[in-house]
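Everything in the sequence shown is counted per numbering that gives the first Met the number 0, starting at 0 for the first residue and increasing by one.
Using N, Cα and C, we set each Cβ at its ideal position, and we do this for glycine too.
Here is the structure we will look at.
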Amino acid sequence: MKIDSNSRSVDLDPREAQFYENPYPAYHELRRKVFMLVPILAPSIGQLVLFVASWRMIFVGFLAMALIAAIFLQVRQEETLPHEKRVTFSAGNLFRSAVEFFRFPSAWGYTVSVGFVFASFICYLGTSQQIFAEQYAQGEWFAVWFGGFAIAIAFAMIFNGRMVMRHGMRMLAKWAVRGCIVFSAIFLVVALSYAGHPPLWTLGVYMFCTFFCSGILFGNYNAMAMEHVGHIAGMAAAISGTLSTLVALSIGTWFGQQYDGTVMPLVYAFLSMSVAAMLVSEGVEWAKRRG
Numbered sequence: 000m001k002i003d004s005n006s007r008s009v010d011l012d013p014r015e016a017q018f019y020e021n022p023y024p025a026y027h028e029l030r031r032k033v034f035m036l037v038p039i040l041a042p043s044i045g046q047l048v049l050f051v052a053s054w055r056m057i058f059v060g061f062l063a064m065a066l067i068a069a070i071f072l073q074v075r076q077e078e079t080l081p082h083e084k085r086v087t088f089s090a091g092n093l094f095r096s097a098v099e100f101f102r103f104p105s106a107w108g109y110t111v112s113v114g115f116v117f118a119s120f121i122c123y124l125g126t127s128q129q130i131f132a133e134q135y136a137q138g139e140w141f142a143v144w145f146g147g148f149a150i151a152i153a154f155a156m157i158f159n160g161r162m163v164m165r166h167g168m169r170m171l172a173k174w175a176v177r178g179c180i181v182f183s184a185i186f187l188v189v190a191l192s193y194a195g196h197p198p199l200w201t202l203g204v205y206m207f208c209t210f211f212c213s214g215i216l217f218g219n220y221n222a223m224a225m226e227h228v229g230h231i232a233g234m235a236a237a238i239s240g241t242l243s244t245l246v247a248l249s250i251g252t253w254f255g256q257q258y259d260g261t262v263m264p265l266v267y268a269f270l271s272m273s274v275a276a277m278l279v280s281e282g283v284e285w286a287k288r289r290g
């Protein structure tokens, strides 16, 4: 199969062609990127509320958002499967789906890779306020710094959407994870030369570049994890999300607890987790080549 994009043709393997014709990976990628963007933008929204009202309005905001979500789900969210294809939610079906999921090294391998990359963000979420507000005395501008890096993820979404059909998910993911490693290795040298207190602008440039690469990784790794389990997409997505979150929380929380007043634990987290994600993903590809 050939897909024409901007007057250029790209040959696809039949299995890849079938995958691209399936809209689910695109939905899954969007869901994961929204999941990443929300905690990044949330402090800015909370800060905006506090600028115009008291802290009590934060809880009013929680209630309003819950009501809006409940009404939307009731009125607009349709069932995604026809009645004859629906599977009863039970322990037995969940177990059988889990067995099916773990039959495919690409499914659990890329899921673990997502967990490694996400672990770096868990560390960032846990230490960012201390880094910007305390280490760099940017307390008043913390929400701006925190939310500003979301621009890098937005750029990654646009870039990935344009380039994935030309170069494929695997090529983009390989370059993105290597980009994370290179940027982290370079910044590690810079941070060490400043005893863990590099200039703020260098930290900003590093985080922007790393967020951009990570934005590409999340979508493509998640989509590749679902490539062979589309027949159990709902259960597989639940298993994949649970597994990657468990990996991310257990590792990312530990890195966050190592904060020592410098940026070193954060840099070590991004570097080591990027290397781990690359090794696992390369192992999956090696296993696929061997049949």
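Supposed contact pair residue j and residue i - C-beta distance, whole angstroms, cut 8 Å
{"i": "Leu-270", "j": "Ala-155", "result": "No, Leu-270 and Ala-155 are not in contact; Cβ-Cβ is about 19 Å, not under 8 Å."}
{"i": "Tyr-305", "j": "Ala-172", "result": "Shown here, the chain extends from 0 to 290; a query on residue 305 therefore has no answer."}
{"i": "Val-246", "j": "Ala-118", "result": "7 Å"}
{"i": "Ala-236", "j": "Val-116", "result": "Contact doesn't hold; Cβ gap of about 17 Å is too wide."}
Within 9 Å, strictly: CB atoms of residue i and residue j
{"i": "Phe-106", "j": "Val-228", "result": "As written in the sequence, residue 106 is Ala, which differs from the Phe given in the question. Contact: yes."}
{"i": "Phe-103", "j": "Met-234", "result": "no"}
{"i": "Ala-132", "j": "Gly-138", "result": "yes"}
{"i": "Gly-203", "j": "Ala-142", "result": "no"}
{"i": "Leu-199", "j": "Tyr-135", "result": "yes"}
{"i": "Ala-268", "j": "Cys-179", "result": "no"}
{"i": "Ser-112", "j": "Val-283", "result": "yes"}
{"i": "Thr-244", "j": "Gly-114", "result": "yes"}
{"i": "Ile-130", "j": "Leu-265", "result": "yes"}
{"i": "Ala-151", "j": "Phe-186", "result": "no"}
{"i": "Ala-97", "j": "Ile-238", "result": "yes"}
{"i": "Val-176", "j": "Ser-53", "result": "no"}
Three-state secondary structure assigned by DSSP to residue i
{"i": "Pro-81", "result": "coil"}
{"i": "Pro-264", "result": "helix"}
{"i": "Tyr-205", "result": "helix"}
{"i": "His-196", "result": "coil"}
{"i": "Ser-53", "result": "coil"}
{"i": "Tyr-220", "result": "helix"}
{"i": "Ala-106", "result": "helix"}
{"i": "Met-168", "result": "helix"}
{"i": "Glu-226", "result": "coil"}
{"i": "Gln-134", "result": "helix"}
{"i": "Glu-20", "result": "With a pLDDT of only 46 at Glu-20, under 50, the local geometry of the prediction cannot be trusted, and no value is derived from it."}
{"i": "Ser-6", "result": "Residue confidence for Ser-6 is low, a pLDDT of 41 falling below 50, so the modelled location carries little weight and cannot support an answer."}
{"i": "Arg-75", "result": "coil"}
{"i": "Thr-87", "result": "coil"}
Residue i burial status per 10 Å Cβ neighbour count (16 or more: buried)
{"i": "Ala-222", "result": "buried"}
{"i": "Asn-159", "result": "buried"}
{"i": "Ile-242", "result": "Before going on, a small fix: residue 242 reads as Leu here, not Ile. With 16 or more Cβ atoms within 10 Å of its Cβ, Leu-242 is classed as buried."}
{"i": "Phe-254", "result": "buried"}
{"i": "Ile-57", "result": "exposed"}
{"i": "Tyr-193", "result": "exposed"}
{"i": "Gly-260", "result": "exposed"}
{"i": "Glu-20", "result": "The predicted model places Glu-20 with a pLDDT of 46, which falls under 50 and marks its position as unreliable; any figure quoted below should be read in that light. By the 10 Å Cβ count, Glu-20 comes out exposed."}
{"i": "Gly-108", "result": "buried"}
{"i": "Leu-278", "result": "exposed"}
{"i": "Val-51", "result": "exposed"}
{"i": "Ile-157", "result": "exposed"}
{"i": "Thr-87", "result": "exposed"}
{"i": "Ala-90", "result": "exposed"}
{"i": "Ala-224", "result": "buried"}
{"i": "Leu-62", "result": "exposed"}
{"i": "Ile-250", "result": "buried"}
{"i": "Pro-81", "result": "exposed"}
{"i": "Phe-94", "result": "exposed"}
Selected residue, minimal CA-CA separation from residue i, among the options
{"i": "Lys-84", "options": "Tyr-267, Ala-142, His-230 and Ser-119", "result": "His-230"}
{"i": "Ser-213", "options": "Ala-190, Phe-131 and Ala-149", "result": "Ala-149"}
{"i": "Gly-60", "options": "Val-48, Ala-69, Phe-88 and Ile-70", "result": "Val-48"}
{"i": "Phe-211", "options": "Trp-174, Ala-194 and Ala-224", "result": "Trp-174"}
{"i": "Ala-153", "options": "Phe-50, Val-37, Arg-288 and Arg-289", "result": "Val-37"}
{"i": "Val-189", "options": "His-82, Trp-54, Val-176 and Tyr-205", "result": "Tyr-205"}
{"i": "Gly-147", "options": "Arg-288, Ser-43, Ser-53 and Gln-256", "result": "Ser-43"}
{"i": "Met-170", "options": "Thr-209, Ile-215, His-196 and Phe-186", "result": "Ile-215"}
{"i": "Val-163", "options": "Gly-218, Arg-95 and Thr-110", "result": "Gly-218"}
{"i": "Ala-41", "options": "Ser-96, Trp-144, Pro-81 and Thr-87", "result": "Trp-144"}
{"i": "Gln-257", "options": "Ser-127, Ile-70 and Ile-67", "result": "Ser-127"}
{"i": "Glu-226", "options": "His-196, Met-168 and Arg-289", "result": "Met-168"}
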